[in-house]
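Participant:
Numbering (full-length UniProt numbering), first residue to last: 1 to 343.
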């Protein structure tokens, strides 16, 4: 059984296994032949497959197996599993544990904490903390201890962690079958016209920018994704939403909301760090810049999490407070809206 799709690969989760720089005297040479000269016991077929999977990079971009290496090229081979020299290291990082029993725990992850080690983030992650505080956590299908699902680095909020194999299987099945409950609070650019709605559109890797996900409305690419939203409060140029997930694709809420023209406030990866709505007045731009400083990340919080307990069979629902940075930003917009209406 496939553990829920939050684990869909993105290159933030790739581990560097090999790194080479082509010498100044390097003649043009196919990259599969080049790497055979540098990687011990590597077959040409394996290298070609790695390239087809998007795991061979030159100068920061994935290349095909017929790419010709040139002098000065920086070549990296990346995979979704860690190299042996980067095995998980326990770290004494405090955890905000909302609930714990013998088979699971619910953690409130702060913004800025990466959930699991990946390229550029080998320490300080939630998993590094979990394996310090808990022994013998079960591994999911991606060999990640305890993780049933994940949320992005700069998204705050609730995660459930399995402590036993049986709990891992039971909880993963709920996420896979869409029976778990997940509500996010999002502050988005623009005045969302409908009071509530549903966004549907397959999500996959953006072919033009591997850092981003992309909506493919025709359904021919990517995987099915469904997000429901409801307006909580309107502040004129931005809107506060409640979003619930049916599926769990990488960046789902972020890319779905952008797709309907309401990018998350200060979501740098998807263009939300610019003034997308509002006036041209310098005073307004300064107000927005100040709001960005108050909330230096995307305005998204995983507020509510619900699931059936693997042992008791009871439905459990957990709720978390909106973090201070996001709450302060929302309040700033609330006061701005009141002031604008008064004028």
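C-beta: ideal position from N, C-alpha, C; glycine also. Small disclaimer: the values here were computed from a predicted structure and weren't measured.
(1) Are the CB atoms of residue 184 and residue 301 nearer to each other than 9 Å?
(2) Let me know the secondary structure DSSP gives residue 309 once reduced to three states.
(3) Mapping the DSSP letters down to three states, classify residue 231 as helix, strand or coil.
(4) Smallest Cα separation from residue 203: which of 112, 221, 34?
(5) May I ask you to list the residues that DSSP assigns as paired with residue 242?
(6) Use the C-beta contact count for residue 319: other C-beta atoms within 10 angstroms, 16 or more gives buried, fewer gives exposed.
(7) On the three-state DSSP scale, how would you describe residue 85?
(8) Take residue 241 as the anchor and find which of 209, 326, 205 has the nearest alpha-carbon.
(9) Just to confirm, is the Cβ distance from residue 103 to residue 309 under 9 Å?
(10) Taking all protein chains shown into account, decide if residue 101 is buried (16 or more other Cβ within 10 angstroms of its Cβ) or exposed.
(11) So residue 116 packs on residue 147, CB below 8 Å; how close in whole Å?
(12) Going residue by residue through the segment 198-222, where are the continuous beta strand (DSSP E) segments of at least 3 residues, counting only ones entirely within it?
(13) Buried or exposed: where does residue 282 fall if 16 or more other Cβ atoms within 10 Å of its Cβ makes it buried?
(14) Between residue 264 and residue 188, which are expected to be in contact by the criterion C-beta below 8 Å, what is the C-beta distance as a whole number of angstroms?
(15) Could you tell me the alpha carbon to alpha carbon distance between residue 22 and residue 55, rounded to whole angstroms?
(16) So, using beta-carbon positions, are residue 162 and residue 311 closer together than 9 Å?
(17) What is the residue span of the alpha helix (DSSP H) that residue 32 lies within?
(18) Based on the DSSP output, what are the partners of residue 156 in its beta bridges?
(19) Let me know the alpha helix (DSSP H) ranges lying completely inside the segment 242-290, each 4 residues or longer, listed in chain order.
(20) Going residue by residue through the segment 44-88, where are the continuous alpha helix (DSSP H) segments of at least 4 residues, counting only ones entirely within it?
(21) Does the beta-carbon of residue 274 have 16 or more other beta-carbons within 10 angstroms, so that it is buried, or is it exposed?
(22) What do you get for residue 109, buried or exposed, if any count of 16 or more other CB atoms within 10 angstroms of its CB means buried?
(23) Taking the beta carbon of residue 19 as the centre, do at least 16 other beta carbons fall within 10 Å, making it buried, or is it exposed?
(24) Tell me whether residue 95 sits in a helix, a strand or coil according to DSSP, three-state version.
(25) With DSSP collapsed to three states, give me the class of residue 326.
(26) Please report the distance separating the alpha-carbon of residue 176 from that of residue 307.
(27) Report the option in 243, 152, 91 whose CA atom is closest to the CA atom of residue 134.
(28) Among all the DSSP beta bridges, which residues are the ones paired with residue 147?
(29) In whole angstroms, what is the alpha-carbon distance linking residue 84 and residue 14?
Facilitator: Working from what's here:
(1) yes
(2) coil
(3) In this structure, residue 231 counts as strand in the three-state DSSP scheme.
(4) 221
(5) 185, 230
(6) exposed
(7) Because residue 85 carries a pLDDT of 43, less than 50, the predicted location of this residue cannot be relied on, and no value is offered for it.
(8) It is 326 whose Cα lies nearest to the Cα of residue 241.
(9) yes
(10) exposed
(11) The beta-carbon distance between residue 116 and residue 147, rounded to whole angstroms, is 6 Å. This is short enough to meet the 8 Å contact definition.
(12) 202-205, 213-216
(13) The residue is exposed, with fewer than 16 neighbouring Cβ atoms inside 10 Å.
(14) 6 Å
(15) 18 Å
(16) no
(17) 31-36
(18) Its beta-bridge partners are 301.
(19) The qualifying runs are 252-259.
(20) 44-52
(21) exposed
(22) buried
(23) exposed
(24) coil
(25) helix
(26) 12 Å
(27) Nearest to residue 134 by alpha-carbon distance, out of 243, 152, 91, is 91.
(28) 161
(29) With a pLDDT of 48 at residue 84, under the threshold of 50, the predicted position of this residue should be treated as unreliable, and no value is reported.
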